[in-house]
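Line by line, the protein sequences give chains V and A.
Per the working numbering, the first sequence starts with residue 2, numbered consecutively.
Per the working numbering, the second sequence starts with residue 2, numbered consecutively.
Yeah, the Cβ is synthetic: ideal placement off N, Cα and C, and Gly gets one too.
Number of protein chains: 2
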Amino acid sequence: MTPGQNTRVLLASRPEGAPTVANFRIEYGPIPQPADGQLLLRTVYLSLDPYMRSRMSAAKSYAAAMNEGDVMVGATVCRVEASRHPDYQAGEWVLAYTGWQSHALSDGVGLHKLSGMARPSLALGVLGMTGFTAYMGLLEIGQPRAGETVVVAAATGAVGSVVGQIAKLKGCRVVGIAGGAEKCRYAVEELGFDVCLDHRSPDLAAELAAACPQGIDVYFENVGGVVFDAVLPLLNTGARVPLCGLIAQYNATGLPAGPDRSPLLMRTLLTRRIRMQGFIIFDDYASHYPEFLKTMGEWVANGTVRYREDIVSGLENAPQAFIGLLQGHNFGKLIIQVGADE
Amino acid sequence: MTPGQNTRVLLASRPEGAPTVANFRIEYGPIPQPADGQLLLRTVYLSLDPYMRSRMSAAKSYAAAMNEGDVMVGATVCRVEASRHPDYQAGEWVLAYTGWQSHALSDGVGLHKLSGMARPSLALGVLGMTGFTAYMGLLEIGQPRAGETVVVAAATGAVGSVVGQIAKLKGCRVVGIAGGAEKCRYAVEELGFDVCLDHRSPDLAAELAAACPQGIDVYFENVGGVVFDAVLPLLNTGARVPLCGLIAQYNATGLPAGPDRSPLLMRTLLTRRIRMQGFIIFDDYASHYPEFLKTMGEWVANGTVRYREDIVSGLENAPQAFIGLLQGHNFGKLIIQVGADE
Numbered sequence: 002m003t004p005g006q007n008t009r010v011l012l013a014s015r016p017e018g019a020p021t022v023a024n025f026r027i028e029y030g031p032i033p034q035p036a037d038g039q040l041l042l043r044t045v046y047l048s049l050d051p052y053m054r055s056r057m058s059a060a061k062s063y064a065a066a067m068n069e070g071d072v073m074v075g076a077t078v079c080r081v082e083a084s085r086h087p088d089y090q091a092g093e094w095v096l097a098y099t100g101w102q103s104h105a106l107s108d109g110v111g112l113h114k115l116s117g118m119a120r121p122s123l124a125l126g127v128l129g130m131t132g133f134t135a136y137m138g139l140l141e142i143g144q145p146r147a148g149e150t151v152v153v154a155a156a157t158g159a160v161g162s163v164v165g166q167i168a169k170l171k172g173c174r175v176v177g178i179a180g181g182a183e184k185c186r187y188a189v190e191e192l193g194f195d196v197c198l199d200h201r202s203p204d205l206a207a208e209l210a211a212a213c214p215q216g217i218d219v220y221f222e223n224v225g226g227v228v229f230d231a232v233l234p235l236l237n238t239g240a241r242v243p244l245c246g247l248i249a250q251y252n253a254t255g256l257p258a259g260p261d262r263s264p265l266l267m268r269t270l271l272t273r274r275i276r277m278q279g280f281i282i283f284d285d286y287a288s289h290y291p292e293f294l295k296t297m298g299e300w301v302a303n304g305t306v307r308y309r310e311d312i313v314s315g316l317e318n319a320p321q322a323f324i325g326l327l328q329g330h331n332f333g334k335l336i337i338q339v340g341a342d343e
Numbered sequence: 002m003t004p005g006q007n008t009r010v011l012l013a014s015r016p017e018g019a020p021t022v023a024n025f026r027i028e029y030g031p032i033p034q035p036a037d038g039q040l041l042l043r044t045v046y047l048s049l050d051p052y053m054r055s056r057m058s059a060a061k062s063y064a065a066a067m068n069e070g071d072v073m074v075g076a077t078v079c080r081v082e083a084s085r086h087p088d089y090q091a092g093e094w095v096l097a098y099t100g101w102q103s104h105a106l107s108d109g110v111g112l113h114k115l116s117g118m119a120r121p122s123l124a125l126g127v128l129g130m131t132g133f134t135a136y137m138g139l140l141e142i143g144q145p146r147a148g149e150t151v152v153v154a155a156a157t158g159a160v161g162s163v164v165g166q167i168a169k170l171k172g173c174r175v176v177g178i179a180g181g182a183e184k185c186r187y188a189v190e191e192l193g194f195d196v197c198l199d200h201r202s203p204d205l206a207a208e209l210a211a212a213c214p215q216g217i218d219v220y221f222e223n224v225g226g227v228v229f230d231a232v233l234p235l236l237n238t239g240a241r242v243p244l245c246g247l248i249a250q251y252n253a254t255g256l257p258a259g260p261d262r263s264p265l266l267m268r269t270l271l272t273r274r275i276r277m278q279g280f281i282i283f284d285d286y287a288s289h290y291p292e293f294l295k296t297m298g299e300w301v302a303n304g305t306v307r308y309r310e311d312i313v314s315g316l317e318n319a320p321q322a323f324i325g326l327l328q329g330h331n332f333g334k335l336i337i338q339v340g341a342d343e
C-alpha cells in the first residue's frame with residue numbers, strides 16, 4: 002500500500018479451477034473525495050470468506066457474479082475518514098460492504114455503526130455474518146435437541162467453530178471434522194467438542210461411524226465431498242442437514258465421475274425422512290439479527306463462546322490468503338488488516 | 002378365491018428389478034377361528050401402493066423388509082366377520098393393515114372403525130393414507146402461497162391428484178405431469194390443473210420450462226428420474242420440495258451411469274436456498290389426522306376435491322395389478338376388491 006493512495010484488488014480474470022494470484026490485479030489510484038451527502042471510508046479490516054469464490058465465476062450463484070475488472074466484493078470494517086453526511090462523523094466505526102480496497106465513498110446506505118463493539122473486527126466473524134450463519138443455520142434448520150449427535154465439518158472455521166459450541170450449549174454430543182491434528186486438538190480442548198476427526202484420514206468413514214455410535218441427527222454442511230460421503234450413511238431417521246457451504250466443490254471444473262449418486266441421495270432423504278435445506282443468512286434471516294447479536298454478544302462477552310481470528314496484514318496479501326482459505330490453510334476467521342486501527 | 006377358504010398372497014422371492022408374477026405365491030388354507038379377545042376380519046378392499054416395492058427388497062427402507070414367505074403387507078378395509086372382542090360386533094367396517102389376504106385374525110390393536118364413512122374404500126385413498134400424504138406434504142413442507150407455481154408429478158395418481166387440487170384451492174398455478182394424453186386431459190378438465198404434460202414427451206424439459214414461465218416454487222416429488230431432471234433447473238430461490246416417493250427408481254438394480262450429479266443437486270439446493278424434505282406420513286404427522294379428516298371429508302362431500310378409484314376385482318389379480326402400478330398403468334387410486342361389500 003502507498004500512503005495517500007487508494008489500493009484496490011480487482012478480479013483480473015475468472016479462475017479455471019483453483020484461483021491463482023494471476024486472477025487478481027492490484028491497482029493504485031487517488032483517494033476519492035466525498036461530495037455533499039457522502040462520506041469517505043477507510044478500510045481497517047476486510048473479511049475473506051469462501052462464498053467469494055462463487056462470485057468470481059460467471060455462473061449465477063448466491064448473487065450476481067462479478068465482472069472482470071470489478072473490485073473484489075467483501076464485507077469490511079471501516080473508519081469514517083471524512084464526512085459530508087449528516088449522520089456520520091469522522092472517526093466512527095462502521096460495518097460496510099466496500100470490498101477489497103483501502104478507501105471507498107459511501108452515501109450511508111447499507112452501513113451499520115459499530116459504536117458499542119469492544120473489538121470491531123468481531124463484526125466480521127463471531128458477531129457478524131459467520132457467527133450469525135452458524136446460529137441461525139443450526140438453531141432454525143438443524144433444531145438440535147439435548148442428547149442428539151451433531152456433526153460439524155470445517156470445525157475450527159469461522160462458522161463451524163460457533164456451530165459446535167452452540168450445539169454443546171444445547172446438550173448435544175458434538176463431533177467435529179477438521180484438517181490436521183492441531184485443529185482437531187483445538188476443537189476438543191479449546192472449543193469443547195467431544196471428538197474431532199481429521200478429514201485427511203484414509204479411514205474417515207470408519208472413524209466417523211465409531212465416533213457416532215447413535216448415528217447423526219444434525220449435520221451442518223460446509224464442505225461436501227468426501228466428508229459428506231462419510232456422513233450420508235450415518236444420518237438418522239428424521240435428521241436435519243443445514244446446507245451452508247460446499248467448499249470442497251468450489252474449485253471443481255466439472256462433475257465427478259459416475260455412477261450418478263443423486264438418486265441415492267434423494268432416496269436416503271426420502272426413506273429416512275431427512276430435511277436438507279440451503280440457506281443464505283441475510284436473505285433468509287435478516288430480521289433475526291438483533292436477537293442473534295444480543296444472545297451471541299453475551300456469550301462472547303462472558304466467554305461461553307470462544308473465537309479465533311486469523312489476521313493477515315496488508316491488502317496486497319489478500320489474494321494469497323484467499324487462495325489458502327479455499328485449501329483450509331487458515332485457522333480461525335480469516336481477516337485482512339488493511340489499515341491501522343487508529 | 003375359494004369360498005370358505007383363506008386366500009393369501011405371499012412374497013415368494015425378492016424381485017431383481019421389476020417384479021414379476023413369479024415373485025408372488027398364492028396359497029389357500031382354512032379360515033382361522035378367533036380365540037377369546039380376538040375377532041375375525043374379512044377383507045373387502047386392499048390398497049396397492051408403490052411403497053410395497055421397497056418392502057419386497059432386503060434393503061432397509063421406510064420400514065423393516067418382508068421376509069420370503071411372508072404375506073404381502075398392505076392396508077385393508079375389512080368387515081368384522083365374527084367377534085369375541087368386547088369392542089367389536091360382526092358387520093362393522095374397520096380400517097386395518099392385514100395385507101394381501103382374504104381373512105385375518107386381530108386382537109383389535111391398530112384397527113380404526115369406519116362407521117361414519119359413506120364409502121369405506123375412501124379410507125384407503127382420498128380420506129386415507131394417500132390423501133393425508135398429499136395434504137400434509139403439500140401444506141406442511143410445500144407451504145404453497147397464492148400465485149406460486151406448483152408442479153406435481155404422477156398428477157392423476159392417488160397422491161398427485163389431491164396435491165394438485167389442494168394447490169388450486171390455495172390459489173396456485175398448478176402444472177401436472179402424467180403418463181399419456183388421457184390422464185393429462187383428466188388432470189386439466191376434471192381436476193382443474195392449469196396444465197398437464199406427458200412425461201413421455203422427448204421435449205419434456207422444454208415443455209415444462211414453457212409451462213412454468215415464473216419458475217417452480219413447490220415441486221411435489223413422487224417420481225424422480227427424468228421428471229426430476231426437468232424440474233431441477235427451474236426451481237426458484239426459496240423453493241420447497243416435499244419428497245414423497247421415487248417410483249421411477251424403485252425397480253432400479255443399481256445407480257445410473259455418471260457423471261455423479263449429487264454435487265450439482267446439493268449446490269442447487271444451497272445456492273437457491275431450497276428445502277428438500279422426505280416424509281413418511283403416519284410417522285411424521287399422525288397427530289394431524291383428525292384435522293385432515295375433518296377438512297378433507299368436507300371437501301370430498303361437497304365436491305371440492307374429486308377422486309378416482311381404479312378397482313380391480315379378485316385378490317388373485319393383485320400381483321399383476323401391482324406390477325402395472327409400478328409402470329403407471331393404473332388410473333386413480335388402485336384398489337383390489339377382495340370380497341363382497343355385503
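- Scanning A:L125, A:G18, A:N7, A:Q215 for the CA closest to the CA of A:I324 turns up A:G18.
- In chain order, G279 make up the part of chain A whose C-beta sits under 7 Å from the C-beta of V:R273.
- The beta carbon of V:I248 lies closer than 6 Å to those of P51, V224 in the same chain, with the five residues before and after it left out.
- Under the Cβ criterion of 8 Å, V:D218 is not counted among the residues facing chain A.
- Note: A:G30 is bridge-paired with A:N7 in the DSSP secondary-structure output.
- Here V:T131 carries a helix assignment [DSSP, helix/strand/coil].
- Sorting A:R120, A:V176, A:M57 by C-alpha distance to the C-alpha of A:F25 places A:M57 at the top.
- At a cut-off of 8 Å, the C-beta of V:L270 has a neighbouring C-beta in chain A.
- Listed in chain order, the positions of the region 19 to 48 of chain A with a beta carbon within less than 7 Å of a beta carbon of chain V would be empty, since no residue qualifies.
- Between V:T134 and V:I282 the beta-carbon gap is near 4 Å, inside 8 Å, which marks them as a contact.
- Of the candidates A:V189, A:R309, A:S116, A:A182, the residue whose Cα lies closest to the Cα of A:D199 is A:A182.
- Runs of the alpha helix (DSSP H) lying entirely within the region 278 to 302 of chain V, each at least 4 residues long, are 282 to 286, 290 to 302 in chain order.
- Sequence-distant Cβ neighbours of V:A188 in its own chain, meaning closer than 8 Å and more than five residues away, are A156, T157, S162, G165, G177, A179, F194, C197.
- Rounded to the nearest angstrom, the Cβ distance from V:S107 to V:L42 is 6 Å, consistent with a contact under 8 Å.
- Across the set A:K295, A:Y290, A:H113, A:G75, the C-alpha of A:G75 shows the shortest separation from the C-alpha of A:S55.
- Restricting attention to V:Y136, V:I275, V:N331, V:G279, the CA atom closest to the CA of A:R274 is found in V:G279.
- In the structure shown, V:Y220 falls within a strand segment according to DSSP collapsed to helix, strand and coil.
- Residue environment for A:A168: buried (at least 16 other C-beta atoms within 10 angstroms of its C-beta).
- Within chain V, the residues L256, P257, A258, G259, P260, D261 have their CB atoms less than 8 Å from the CB of A:G259, given in chain order.
- As DSSP reads the structure, A:K171 sits in no beta bridge.
- Think of a sphere of 9 Å around the beta carbon of A:M137: no beta carbon from chain V falls inside it, the nearest being about 12 Å out.
- Think of a sphere of 7 Å around the beta carbon of V:Q250: the chain A residues whose beta carbon falls inside it are P264, R268, in chain order.
- Contact of A:D285 with chain V by beta-carbon distance below 9 Å involves G239, R274.
- Spatial neighbours of V:D230 in its own chain (CB-CB distance under 6 Å, excluding positions within 5 residues in sequence) are not present.
- Here DSSP, grouped into helix, strand and coil, assigns V:R54 to helix.
- For V:F194, the three-state secondary structure derived from DSSP is coil.
- For the set A:G126, A:R241, A:V110, A:V10, the Cα lying nearest the Cα of A:G100 is the one of A:V10.
- In this structure, A:L233 sits away from A:C213, with a CB-CB distance that is not shorter than 8 Å.
- In terms of Cα proximity to V:P35, the closest of V:D71, V:A60, V:P87, V:A23 is V:P87.
- In this structure, the beta-carbon distance from A:V339 to A:Y29 does not fall below 8 Å.
- In the DSSP assignment, V:V242 falls outside any alpha helix (DSSP H) and lies within the beta strand (DSSP E) extending over 236 to 244.
- When Cβ-Cβ separations below 8 Å define contact, V:G225 makes contact with chain A.
- A distance of 8 Å or more separates the beta carbons of A:G109 and A:Y98.
- Between A:I337 and A:V301, the CB-CB gap reaches or exceeds 8 Å.
- V:A91 and V:C79 have their C-alpha atoms some 11 Å from each other.
- Taking 8 Å as the cut-off, the beta carbon of A:R186 is found no closer than this to the beta carbon of A:V242.
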